[in-house]
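Remarks on the structure that follows.
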Amino acid sequence: MPRILVFEVKQEISSFNPLPSGYENFHVIEGDRLTAHRGLNTELGGAFSVFDGRPDVEVIPTILAAAGSAGILSAAGWKTLSRQVLAAVEARIGEADAVYACLHGAMGAEGELDPEGHLLTEIRRMAGPDKPIVMSLDLHGICTDRMLKQVNGLALYHTYPHVDFGDTGMRAARLLLKILDKGVKPVIARVVIPALVRGDELITATGCYGDMIRECQRIERDGTALSAGIMIGNPFTDVPELCSQVLVSTDGDPATAEREAIRLAGEFWPQRFRMQGKLIPLERAIAQAKTMKGPLIFTDAADATSSGATGDSNAIIAALREAGYEGRVLAQIVDPAAAAAAHKAGVGATIKVSLGGYHDRRRYVPMAVEARVKLLSDGQARLETMKTPLDAGPTAVLTFGNFTVVVLSKTISLFDRAMYYANGCNPPDFDLIVVKSPHTEHHMFEAWAEKNFNIDAPGATSADLKSLGHTICARPMYPLDDIATFNPSATLYSRR
Ligand SMILES: [Zn+2]
């Protein structure tokens, strides 16, 4: 009876968010509580469905520690978190025949810029050289040399906006069972591409990145590869191995893994120019919006909380007010002081508060408003696709003039409509909706909007990558630097 130890550790950080995160940012559960993911569209949910389909497989759930995207994890937070994760795994590793490591890949901590590499190194040391370890990663993760030296195999997300959480967990679980049952011996070819990419061409359903991902899916399905994917990294996670990279694994066939990885990297490289954010100046977008019927989406990807920004940007609403835009505006902002003032005053009260610039004072100037408290909530919701919980803390809907603003106490993911719905706001009822995510699932906003403007605004996750000031990632790196030639070459990884 194969026994499979399962753990999950996930966070995505922006090095350009001035506010470090801590242990308290993590939602941590241990043991059998992980099985609450059964039936959910998450990696664990997908992996459990595969393992549960095999009566001879026993799952050993150990620990799940997941945090919303944020600034770099503090040294103290990392120390507490890593010790807890490693203790939970160590307590059960002796009983396990194999390990499924459910990771994101874009963590970063003060004093440890490859946290996942550290965890996998320690877990490999505990497990010994022979127990298979398979990991799954978000395509926005940074897969490092140290991580690849510890694992036998991997599965990567194939969709953006992400919808294949469960599918990725299923592919990881099936790969692990193939290693255990059939003795397949993955050899992984890694080709590092010195490019950071952003923009609409990354939408896998419609963009050129999706065309390359479909080749990865094809070679997985037709048996050429055990797994294949193209990771683009989170360009805001400034760590030494930040890059784009192709990862292809085969069953003991290094030549095919290398050939396919080099082929895909060769297709990716010339398309790097297309895969950049195309931004419109805020003033121009507002001038156009004033003449349009709407509804309009103002995408504020520079303050994308799901990529690690603070969420307290008021740049767009301040400019709309300043410009005298008269349509009905719906927006979200992180401002715990304003939310607390609203909760103190109560529904129906009028309060004078400042909005925005709470965390990122270098980028945003607090905006004074006299607002009516329309609604108060506990800030609880569930993500639309994954159905996992969101906790924004005390939340208030404030209205002033033509503006309706959902004010959150905590920085949480805002890549869907969950927080709007949970606070009584229906986006199509407004003329202009601010969305703090580079992309959302099409049906959520774009399907019914007249136009989606990608706004050039300041923020820790701006698509204007040159504006951010990377200092740690390997150089040269497009588009931070000009690179004349690139000759793809593969590094091979395999465990005995
Ligand atoms: Zn992602």
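My numbering puts the first residue of the sequence shown at 5, with every later residue one more than the last.
Using N, Cα and C, we set each Cβ at its ideal position, and we do this for glycine too.
Bear in mind the structure is a predicted one, so any value in this text is a computation, not a measurement.
**Prompt:** So, do the region 475 to 486 and the region 344 to 352 have three or more beta carbon pairs nearer to each other than 8 Å?
**Reply:** Touching, no, given that fewer than three Cβ pairs across the two stretches are closer than 8 Å.
**C-beta atoms of Ala308 and Ser493 nearer than 8 Å** = Counted from its first residue, the sequence shown places residue 308 at position 304. Counted from its first residue, the sequence shown places residue 493 at position 489. Against a cut-off of 8 Å, the Cβ pair of Ser493 and Ala308 comes out as no contact.
**Request:** Return the first residue and the last residue of the alpha helix (DSSP H) that Phe407 is part of.
**Result:** Within the sequence shown, residue 407 is the residue found at index 403, counting from 1. Unbroken run through Phe407 is the beta strand (DSSP E), Phe407 to Leu412; no alpha helix (DSSP H).
**Prompt:** Exposed or buried, what is Trp273 when buried is set at 16 or more other beta-carbons lying within 10 Å of its beta-carbon?
**Reply:** Here the question's residue 273 lines up with position 269 in the sequence shown. Taking every protein chain shown into account, the CB of Trp273 has 16 or more other CB atoms within 10 angstroms, so this residue is buried.
**Request:** List the endpoints of the continuous beta strand (DSSP E) containing Gly214.
**Result:** Reading the sequence shown from its first residue, position 210 is the one you call residue 214. Taken as a continuous stretch (DSSP letters only), Gly214 belongs to no beta strand (DSSP E), being part of the alpha helix (DSSP H) at Cys212 to Arg225.
**Message:** Mapping the DSSP letters down to three states, classify His474 as helix, strand or coil.
**Reply:** Taking the sequence shown and counting its residues from 1, one reaches residue 474 at position 470. In the three-state reduction of the DSSP assignment, His474 falls in the coil class, being assigned neither a helical nor a strand state.
**Request:** Examine ligand 1 and report whether any of its heavy atoms sits within less than 7 Å of the Cβ of Leu141.
**Result:** Taking the sequence shown and counting its residues from 1, one reaches residue 141 at position 137. No; taking the cut-off as 7 Å, the Cβ of Leu141 has no heavy atom of ligand 1 nearer than that.
**Request:** Indicate whether Leu469 and Met423 have their beta-carbon atoms separated by less than 8 Å.
**Result:** Position 465 of the sequence shown holds residue 469. Position 419 of the sequence shown holds residue 423. Contact: no.
**Request:** Using a Cβ cut-off of 8 Å (strictly closer), state whether Gln336 contacts chain D.
**Result:** In the structure shown, chain D does not exist; there is a single protein chain.
**Prompt:** Which first and last residues belong to the beta strand (DSSP E) in which Ile234 is found?
**Reply:** Counting from 1 along the sequence shown, the entry for residue 234 is found at position 230. Counting along the chain, the beta strand (DSSP E) containing Ile234 begins and ends at Ser231 to Met235.
**Prompt:** Based on the DSSP output, what are the partners of Ser53 in its beta bridges?
**Reply:** Taking the first residue of the sequence shown as 1, we reach residue 53 at position 49. None; Ser53 has no bridge partner.
**Asked** Is the region 109 to 126 in contact with the region 280 to 294, if contact means three or more CB pairs nearer than 8 Å?
**Response** Contact between the region 109 to 126 and the region 280 to 294 is absent: fewer than three C-beta pairs spanning the two stretches fall below 8 Å.
**Request:** Decide if Gln154 is buried, meaning its Cβ has at least 16 other Cβ atoms within 10 Å, or exposed.
**Result:** Numbered from 1 along the sequence shown, position 150 holds the residue referred to as residue 154. So Gln154 ends up on the buried side.
**Asked** Where in the region 167 to 207 do unbroken runs of the alpha helix (DSSP H), each at least 4 residues long, occur, reported from the N-terminal end onward?
**Response** Listed in chain order, they are 169 to 186.
**Item:** Extent of the continuous alpha helix (DSSP H) run through Ser86
**Value:** The sequence position of residue 86 within the sequence shown is 82, counting from 1. Its alpha helix (DSSP H) spans residues Ala79 to Ile97.
**Request:** Mind checking who His31 pairs with in its DSSP beta bridge?
**Result:** If you number the sequence shown from 1, residue 31 lands on position 27. In DSSP, His31 forms a bridge with Ala70.
**Prompt:** Candidates Gly473, Pro462 and Ala70: which alpha carbon is nearest Gly26's?
**Reply:** The count along the sequence shown starts at 1 and reaches residue 26 at position 22. Relative to the Cα of Gly26, the nearest Cα in the group Gly473, Pro462 and Ala70 belongs to Ala70.
**Request:** With DSSP as the reference, label Gln280 as helix, strand or coil.
**Result:** As a working mapping, residue 280 is identified with position 276 in the sequence shown. In the three-state scheme derived from DSSP, where H, G and I count as helix and E and B as strand, Gln280 is classed as coil.
**Message:** For Thr354, report the span of its beta strand (DSSP E) as first-last.
**Reply:** What you label residue 354 is simply residue 350 of the sequence shown in a count that begins at 1. Segment Thr354 to Leu359, the beta strand (DSSP E) holding Thr354.
**Message:** Please identify the residue among Gly109, Leu117 and Gly132 whose C-alpha is closest to the C-alpha of Asp502.
**Reply:** Within the shown structure, residues of the chain are numbered from 5 to 500, placing residue 502 beyond reach of any answer.
**Message:** Is the beta carbon of Phe240 closer than 8 Å to that of Ser317?
**Reply:** Stepping through the sequence shown from its first residue, residue 317 is reached at position 313. Stepping through the sequence shown from its first residue, residue 240 is reached at position 236. Phe240 is positioned such that its CB atom lies no closer than 8 Å to that of Ser317.
**Asked** Alpha carbon to alpha carbon, what distance is there between Ile290 and Thr254?
**Response** Translated into the one-based positions of the sequence shown, residue 254 becomes position 250. Translated into the one-based positions of the sequence shown, residue 290 becomes position 286. So the two alpha carbons sit approximately 51 Å from each other.
**Prompt:** Taking 7 Å as the cut-off, is the CB of His447 close to at least one heavy atom of ligand 1?
**Reply:** Within the sequence shown, residue 447 is the residue found at index 443, counting from 1. Checking the Cβ of His447 against ligand 1 gives no.
**Asked** Nearest to Arg242 by alpha carbon, out of Asp420, Arg499, Leu359 and Leu484?
**Response** Locating residue 242 in the sequence shown gives position 238, counting from the first residue. The residue asked about is misnamed: residue 242 is Asp in this sequence, not Arg. Nearest C-alpha to Asp242: Leu484.
**Prompt:** Heavy atom of ligand 1 less than 7 Å from the Cβ of His144, yes or no?
**Reply:** Start at 1 with the first residue of the sequence shown, and residue 144 comes out as number 140. For His144, the shortest separation between its Cβ and any heavy atom of ligand 1 lies below 7 Å.
**Asked** Can His474 be considered in contact with ligand 1, in the sense that its beta carbon sits closer than 7 Å to one or more heavy atoms?
**Response** Numbered from 1 along the sequence shown, position 470 holds the residue referred to as residue 474. At a cut-off of 7 Å, the beta-carbon of His474 does not count as near ligand 1: no heavy atom of the ligand is closer than that.
**Item:** Start and end residues, alpha helix (DSSP H) containing Ile266
**Value:** Residue numbering aside, residue 266 sits at position 262 when the sequence shown is read from its first letter. Going by DSSP, Ile266 is part of the alpha helix (DSSP H) stretching over Pro258 to Phe272.
**Prompt:** Among residues of its own chain, excluding the 5 on either side of Ile337, which ones have a beta-carbon nearer than 8 Å to its beta-carbon?
**Reply:** To locate residue 337, count along the sequence shown from 1; it is residue 333. Here the set comprises Gly315, Asp316, Ser317, Asn318, Ile321, Leu359, Gly360, Val409, Val410, Val411 and Leu412.
**Request:** Would you list the residues sitting across from Glu374 in a DSSP beta bridge?
**Result:** Counted from its first residue, the sequence shown places residue 374 at position 370. Glu374 is bridged by DSSP to Lys356.
**Message:** Quick check on the burial criterion: 16 or more other C-beta atoms within 10 angstroms. Buried or exposed for Asp168?
**Reply:** Taking the sequence shown and counting its residues from 1, the one referred to as residue 168 is at position 164. Buried.
**Item:** 3-residue-minimum beta strand (DSSP E) runs that sit fully inside the region 133 to 159, ordered along the chain
**Value:** Assignment of beta strand (DSSP E) within the region 133 to 159, counting only whole runs of 3 or more residues, yields 137 to 141 in chain order.
**Prompt:** Per DSSP, what kind of secondary structure is Tyr424 in: helix, strand or coil?
**Reply:** As a first step, residue 424 must be located in the sequence shown, where it is residue number 420. Residue state, collapsed to three classes: helix.
**Asked** Where do the ends of the beta strand (DSSP E) carrying Arg386 lie?
**Response** The residue labelled residue 386 in the question sits at position 382 within the sequence shown. Per DSSP, Arg386 belongs to the beta strand (DSSP E) from Gln384 to Arg386.
**Message:** Considering Cα atoms alone, identify which of Leu387, Leu251, Thr354 and Thr415 is closest to Phe404.
**Reply:** The sequence position of residue 404 within the sequence shown is 400, counting from 1. When each option's Cα is compared against that of Phe404, the closest is Thr354.
**Request:** Report all residues from its chain with a CB closer than 8 Å to the CB of Tyr329; omit the five preceding and five following residues, and keep chain order.
**Result:** As a first step, residue 329 must be located in the sequence shown, where it is residue number 325. Result list for Tyr329: Ile290, Ala293, Lys294, Asn406 and Leu436, in chain order.
**Item:** Near ligand 1: His166 beta-carbon under 7 Å from a heavy atom
**Value:** As a first step, residue 166 must be located in the sequence shown, where it is residue number 162. In terms of side-chain proximity, the C-beta atom of His166 is found nearer than 7 Å to a non-hydrogen atom of ligand 1.
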